[in-house]
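Numbering of the sequence shown is given in the UniProt record's numbering, commencing with residue 1 and proceeding in unit increments.
One structure is given below, encoded as structure tokens.
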Amino acid sequence: METLNALRWVGLAVCLALTFYTVSWTTKHPRANGEPLGRRRILLSALCFVSAAFVLINLVVSFIIDTSRG
């Protein structure tokens, strides 16, 4: 059980790091010659954000279940 919780925290940290990296990557680099922001970048940052939210929800639910068991 301890290993599973540690893996969840590592997963959350990795997802959040990827989210912040992709968001900064999309906002830091100016669009050259008025090109629209790439769909691939937007989808990658959205995917990382959703996966981080999923891991965070999983952590909260498992914490609630663990505390309710006593």
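Glycine residues also receive a C-beta, built at the ideal position from the N, C-alpha and C atoms.
Judged by pairs of C-beta atoms under 8 Å, the stretch 50 to 63 touches the stretch 8 to 18, as three or more such pairs exist.
Taking the Cα of C48 as reference, the smallest distance to any Cα among Y21, T67, S68 is reached at Y21.
Rounded to the nearest whole angstrom, the CA to CA distance from I42 to T19 is 11 Å. Around the beta carbon of A52, 16 or more other beta carbons lie within 10 angstroms, which makes this residue buried.
Residue burial is scored here from C-beta neighbours: V50 has fewer than 16 other C-beta atoms within 10 angstroms and is therefore classed as exposed. The DSSP-derived three-state label of G38 is coil.
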